[in-house]
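These notes are about the structure you will find just below.
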Amino acid sequence: MSKYSQLSAVDKKIEIQGFGIKILPELKLDLQKEGYYPVALTWIGDDITGPFSFIGYGENSPFELRKEDGGYHVYRDDEYFSEVSFYKRPNFWDRQWSIKDGAEGTFFVDEGMSGVITPCAPNSLIAENDEVRQVTGGKFPFVTLACYNGLSIWPSYGCLYTKQGNPCTFCCIPGDYVEDHMLIQQEGWLDGMSKAVEAAIDELGSDIENCSLTVDSGTLPGRDKGAWAYIQILEAVKARIGKLPNTIYIRAVIEPPYDEEVLFKLRDAGFTSIQCDIDVYDDAERLEVMPNAKGKRSIDDYVRILTRAKEIFPGEVATQLVAGIQKDENLLKGVERFASVGIPTLVTPFLPFGQGINLVRKGKASVPGPDKMRRVYEACGKILNKYNVAPPQFRGGVSSLAETMGRRLKRVPSLTNYSKVDSYETRKAV
């Protein structure tokens, strides 16, 4: 019996979240051949997900994935830690998009912070991680599968602040912002996207009711922060299938638009929920890690927009704060400020990925360890309970706040390859 067998699934996820899991390239390819993909979507049990393997993130991890006894298992420093499993690769992923010929710096990493395929274009990674190109083929699915039965659509990758030369220093999307990366502006993309959504809905069947739909992007130009692209996506889906899918929520993850009427336009397009990530709460700390318009934007402005959004959207209005790039006491002040007006905060640990690699190299940030994150999650949970605010509906990524507070959601059968192999612990006990 492993010494880790008494850990709960939530505790196991928190232990892993700051390290990632080493997965050898040949094992990744085996997983793909067996129909499990992406490997970022790792499950501990059937209701906890998120301990990912990142390129440039998990290589030095004490955790390693191994295949043995007919299943997949994680070892910590060569000692058994947990059995894990994966989503099966959905058929709708065959609907993919390639950047047009001649585009420079096009490279896709097969795993991302939220468990979806994340676009990434640092040329330095191409030679070092050729196995990723073998897996992705340099293509980007129109619709990706995110943690907890979520469907995600990315109309663009890169960000306005990257184009301006002052990106958020912890951002996980380090790709350059050029017009070729504005996928929504390329001929045929909206049509291909809507067909991919239709294929996803057909494949999921009634399970679509247990899924979510999220539109996400780096900040786009304009006072609406890219809301025009988000609205076009839902309009294209409605035009294709006659209505929007009946999901848990249809969520826009977007920097707060400057004008309140944009919130009404997003709602009228069909978004039921909105998430506007403040990321860092203290003004001085904000400017240090976000040397751009987002960092200069006042906290009061975020509170104003999100409070107004609660009056407009029928679903959840939420924000995010990142642990490890700000003082814990300031993060907790932020959680309380938003909870006091009924807004939940997704608390996520900083990861050394994308732009964040440079923060680590400069000694300005490090991944918060499991003991620290347990303390942060416990304190945040107490704050949310104090104001009778439920944990965020979104349970993706490495954040364990919602799971720490008891929120669970089992994966849907249509996306699951159920194993008939008894668990490792059961076999060892016999």
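Per the working numbering, the very first residue in the sequence shown carries number 8; after that it's consecutive. We put the beta carbon where it would ideally sit given N, CA and C, even for glycine. The structure displayed is predicted, hence computed values, not measured ones.
Tell whether a beta-carbon distance below 7 Å holds between G57 and V342.
no
Would you mind reading off the limits of the alpha helix (DSSP H) that contains Q39?
32–40
Using the C-alpha atoms, what's the distance from G195 back to L273?
23 Å
To the nearest angstrom, report how far apart G376 and P228 are at their CA atoms.
36 Å
Note down, in chain order, each residue of its chain lying with its Cβ closer than 7 Å to the Cβ of L251, except the 5 sequence neighbours on either side.
L241, V244, K245, I257, G277
Report the residue from N395, A397, N365, W100 whose alpha carbon sits nearest the alpha carbon of T176.
N365
Where does Q282 sit, in a helix, a strand or coil, going by DSSP?
strand
Nearest-angstrom Cα distance between G302 and V310?
15 Å
What is the rounded straight-line gap between the Cα of A206 and the Cα of F99?
6 Å
Using three-state DSSP, classify F70 as helix, strand or coil.
strand
CA-CA distance, Q3 and V260?
Any answer about residue 3 is impossible in this case: the structure gives the chain only from 8 up to 437.
Taking all protein chains shown into account, do 16 or more other C-beta atoms lie within 10 angstroms of the C-beta of N130, making it buried, or fewer, making it exposed?
Bear in mind that the predicted position of N130 carries a pLDDT of just 38, short of 50, making it unreliable; the figure below should be weighed with that in mind. Looking at its Cβ environment, which holds fewer than 16 other Cβ atoms inside 10 Å, N130 is exposed.
Mind checking Y265: buried by the 16 CB within 10 Å criterion, or exposed?
exposed
Under the three-state reduction of DSSP, which class applies to I28: helix, strand or coil?
coil
Taking the C-alpha atoms as reference points, what is the distance between N392 and F345?
13 Å
Tell me the DSSP secondary structure of T143 in three-state form.
Any reading at T143 must be qualified, since the residue scores a pLDDT of 48, below 50, and its modelled position is unreliable; the value itself is stated next. T143 falls in the helix class under three-state DSSP.
Are the Cβ atoms of F360 and A372 separated by less than 7 Å?
no
Entirely enclosed beta strand (DSSP E) segments - the stretch 235–299, minimum 3 residues:
257–260, 280–282
Check the DSSP bridge columns for V185 and list the partner residues they point to.
Partner(s): none; V185 has no beta bridge.
Please confirm if the stretch 74–88 is in contact with the stretch 185–194, defined as three or more CB-CB distances below 8 Å between the two stretches.
no
Nearest CA to the CA of R247: which residue from P420, V204, M380?
V204
Counting pairs of Cβ atoms below 8 Å between the stretch 24–42 and the stretch 409–417, do you hit three or more?
no
So what's V419 in DSSP terms, helix, strand or just coil?
coil
In the DSSP assignment, what are the bridge partners of Y79?
K74, V91
Let me check understanding here. Comparing Cα to Cα, which of P148, K95, C387, L167 lies closest to W50?
K95
Between the C-alpha atoms of T352 and A291, what's the straight-line distance to the nearest angstrom?
20 Å
Leaving out the 5 sequence neighbours to the left and right, which residues in its chain are closer than 8 Å to G199 when beta-carbon positions are compared?
R102, W104, F149
Note down the Cα distance separating N156 from N337, rounded to an integer number of angstroms.
32 Å
Which whole-angstrom value describes the C-beta separation of P420 and L408, a residue pair presumed to lie in contact below a C-beta threshold of 8 Å?
Not quite, the Cβ-Cβ distance comes to about 27 Å (not below 8 Å), so this is no contact.
Would E210 and N253 be called neighbours here (beta carbons separated by less than 7 Å)?
no
Backbone CA spacing between L197 and G225 [nearest angstrom]:
18 Å
Could you tell me the distance, in whole angstroms, from the CA atom of E410 to the CA atom of D223?
23 Å
Is G388 helix, strand or coil by DSSP?
helix
The beta strand (DSSP E) enclosing I51, as first and last residue numbers:
49–51
Looking only at C-alpha atoms, which of F271, V396, S92, P69 sits nearest to R418?
S92
Beta-carbon separation (whole angstroms), D231 vs V269, contact threshold 8 Å
5 Å
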